[in-house]
Structures are given as structure tokens and as C-alpha cells.
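By the working numbering, the letter at position 275 of the sequence shown is numbered 302, and the numbering carries on one by one without gaps.
Structure first, then comments.
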Amino acid sequence: MKYSDINFNNKTILITGGAGFIGSSIAFYLQDNYPDVNIIIFDCFRNNEFLPNGNLLSYGHYKNLIGFRGEVICGNINSKDDLSLLSNYKFDYIFHQAAISDTRAYNQEMVMKTNVNSFYDLLKIAKKNQSVMVYASSAATYGGLPSPQVVGNESPENPYGYSKLLMDQIAFRYANENPNMTIVGLRFFNVYGPREFYKAKTSSMIIQLGHQILANKSPRLFENSNKILRDFVFIEDVVQANIKACNVKSNGTYNVGTGISRSFKDIIDILQKELTTSLNIEYFPNPYDGYQLNTQADITLSKENFQYDPVFSLEQGIKSYLPEIKRLYGEDMQ
Ligand SMILES: NC(=O)c1ccc[n+]([C@@H]2O[C@H](COP(=O)([O-])OP(=O)(O)OC[C@H]3O[C@@H](n4cnc5c(N)ncnc54)[C@H](O)[C@@H]3O)[C@@H](O)[C@H]2O)c1
């Protein structure tokens with residue numbers, strides 16, 4: 028299914044972070060719909076580096092790219108030498124997804140360098156090539172602000188959310204200084220779906236709870252989880268947003284969610300219904316400060332300015348994701 032009337036055939040497209048969840052999903056969408064597209068993925072993949080919180084520094088995984096026929100460059104967005112490998116291309120579109128994507132990465136220097144400093148370099152590449160730039164921002168920019176979250180009112184509560192807000196501010200200035208460029212930031216809410224598995228503990232609760240239930244274990248939730256709400260958005264709708272954003276009416280930062288918030292308990296209820304189980308939920312105290320209690324994207328402007336139209340309810344998203352959740356059950360994450 029094509030989301031846009033842009034013909035991406037014979038276009039050259041850079042996807043940073045293309046070995047990760049969202050980047051690889053964009054790559055496969057383009058490859059499947061435009062046989063003559065030229066896609067260049069730039070990703071540092073995973074190595075043995077860990078954040079102080081015990082999670083991997085980067086989550087790119089070759090298994091997300093099996094079947095991908097475009098070019099893959101292993102490089103780090105923090106390295107000018109690595110970025111110079113991109114100087115021989117003329118990109119029509121850039122989907123910039125590479126980042127420290129872990130909301131609990133608290134080494135501020137590391138998060139700012141990777142997420143913020145590199146953005147200047149990627150914007151320079153976009154300017155030189157006159158590429159359309161669509162980059163990943165995040166709902167983490169809103170912190171604990173009440174729902175619905177609206178662009179223009181932000182209060183990040185972790186270095187990650189702050190780094191994404193800085194990117195939005197940089198994009199705003201850059202777009203003003205370069206009015207001929209197209210620069211769009213997309214604030215993804217809680218994305219779930221195929222190709223997130225290798226994000227391990229930072230993958231969505233949908234796959235994590237799905238695997239707990241498949242193991243016949245009590246699914247575990249924080250206390251008061253029926254009051255903790257999130258805007259869970261299925262990967263296909265996020266790909267749709269990225270593609271449609273290439274035709275945005277005006278530069279800016281836009282929300283990408285469903286516009287509806289659901290509880291973590293809803294996820295378990297849907298999974299148990301689909302898997303015909305009735306396991307008791309085990310509740311435990313929430314150890315985190317600054318935990319968002321309710322996110323719900325205001326998507327009015329995304330609808331108006333690039334015809335974003337999310338189609339997957341949580342029920343539909345989980346249902347179409349379940350075969351993949353089952354396939355990955357027991358799979359090695361390394
Ligand atoms: N998944 C979500 O729910 C969500 C929500 C809001 C925002 N986002 C943002 O969307 C983007 C994609 O997220 P994702 O869920 O696909 O995460 P992901 O971790 O699967 O993908 C990020 C990719 O970037 C790569 N990367 C990390 N550091 C790099 C570096 N220094 N140089 C080159 N590559 C590097 C990783 O290897 C990985 O493949 C990220 O910018 C993330 O912050 C995601």
C-alpha cells in the first residue's frame with residue numbers, strides 16, 4: 028500500500044539508524060513499494076558497549092535487515108570520518124532515525140553528543156544535497172505534562188527527552204535560515220510492532236508482556252497501572268507518518284500517535300483475549316521518578332499538514348503483531 032503519490036523510484040534515500048526498529052521498517056516499506064529506489068542505510072549497529080544502566084548503547088541488528096537489498100554502511104554519526112563516507116551520494120530524502128533511543132540513558136554528555144551534535148552534521152548534508160529531512164523527535168519532550176500533548180508546550184524529564192527538544196529547536200532555526208529546505212520533526216509516541224525485538228528491555232511493553240504470557244508467567248505491571256496511560260502507535264502508522272511527512276505543507280515538529288491513550292492493563296487484556304489465557308497480573312512498585320502517567324498525542328496539525336491518518340487501534344495493532352510476537356518467543360536477542 029502506497030501512502031503518498033511521491034514516486035521514490037530512482038530517488039536516493041539515506042536512512043540513519045536503518046538497522047534499528049523504525050529505520051528498518053521505513054527501508055522495507057520503500058523497498059517493497061518502489062523497486063527502483065536507492066536506499067543507503069547508515070548505522071553503527073550494536074557492539075559490546077553498554078550504558079551505565081546496563082542496556083546496550085546502540086541496538087542496530089543485522090537481523091532487522093535480512094531481505095534488504097540496498098546499501099548498508101556501518102558508521103557512527105558521531106564520527107566526521109564515518110559521515111564522510113556519505114559524501115559521494117546525492118540524497119533526495121533523509122530519514123534520520125539514529126540516536127541513543129534509550130529514555131533511561133542518563134549519561135548526559137553521551138546522549139547530547141550522539142543525539143544533538145550529530146544533527147548539525149546531518150542537516151549540513153541535507154542542505155548540501157537539498158534533501159528533504161524527516162527526523163525522529165519524541166513524546167519524551169513532553170515529560171509529565173497533562174494530556175493531550177501539544178507541540179509548543181514541552182517539559183522533558185530526562186536527558187533523552189531534552190536532547191530531542193534541542194533537535195526540534197535546532198531544526199526550527201535551521202529551517203528559518205534555509206527557507207527552501209523541508210525539515211520535519213516527528214514526535215513518536217509509544218511505537219510497537221515488528222523489528223523492535225532486538226531493543227531488548229527498551230522494546231515496547233506489548234512484546235515484553237506478550238512473551239511473559241507465552242511463558243505462562245503472570246504478566247507484571249507497576250502498581251496503579253490501570254491509571255498509567257500511553258498513546259501506543261503501531262509501526263505501520265509510524266512509517267505512514269514518515270512517508271507522508273515528505274510532503275508536509277509547512278516545516279515544523281509534529282506529533283505521531285493515535286490520538287487515543289490506553290492503559291498497560293488494556294495491553295494485557297487484549298493479549299490474553301487473543302492468546303486465550305487468564306493469568307493473574309502481578310503488580311509491583313514503580314521504581315522510577317519522572318514516569319509519564321498519561322500521554323496522548325494531539326495529532327490535529329499532523330492531519331492537517333501532511334494528512335497523517337493512523338488506522339491501527341491497539342486491538343488491531345496487537346492482533347496483526349501477534350504472529351511475530353509468537354515467532355520471536357524464545358529467540359536469542361544477541
Ligand atoms: N520506538 C519508539 O517508541 C520511539 C519513540 C519516540 C522516538 N523514537 C525515536 O525514533 C528513532 C528510532 O527509534 P527506534 O525505536 O527505531 O530505536 P532503535 O534503537 O531500534 O534504532 C536506532 C538506531 O540507531 C542506531 N544508532 C544509535 N547510535 C548511533 C550512532 N552513534 N551512529 C549510528 N547509528 C546509531 C542504532 O544502532 C539503531 O539501529 C530514534 O531516534 C528514537 O529516539 C522512538
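All C-beta atoms, glycine included, are put in the ideal place defined by N, C-alpha and C.
- The stretch 114-178 is shown to contain whole beta strand (DSSP E) runs of 3 or more residues at 120-123, 159-165, in chain order.
- Unbroken alpha helix (DSSP H) runs of no fewer than 4 residues, entirely contained in the stretch 210-266, are found at 232-241, following chain order.
- Excluding sequence positions up to five before and after S252, its CB lies within less than 6 Å of the CB of F291, K292, all in the same chain and listed in chain order.
- If you draw a straight line from the Cα of S51 to the Cα of A163, it is about 14 Å long.
- Where E358 is concerned, there is no enclosing beta strand (DSSP E), because DSSP gives it neither an H nor an E.
- Judged by DSSP secondary structure, F95 falls outside any beta strand (DSSP E); it is assigned neither H nor E.
- When secondary structure is reduced to three states using DSSP, S290 falls in the strand class.
- The continuous alpha helix (DSSP H) containing G50 extends over residues 48-60.
- In the DSSP assignment, E204 falls within the alpha helix (DSSP H) that extends over 186-204.
- In the DSSP assignment, V283 forms a beta bridge with F215.
- The count of Cβ pairs closer than 8 Å, one atom from the stretch 39-48 and one from the stretch 115-133, reaches three, so the stretches are in contact.
- Secondary structure at E181: coil, using DSSP grouped into helix, strand and coil.
- T168 is a Cβ neighbour of L192, given a cutoff of 8 Å.
- The DSSP-derived three-state label of T322 is coil.
- Taking the C-beta atoms as reference points, E98 is found no nearer than 8 Å to I49.
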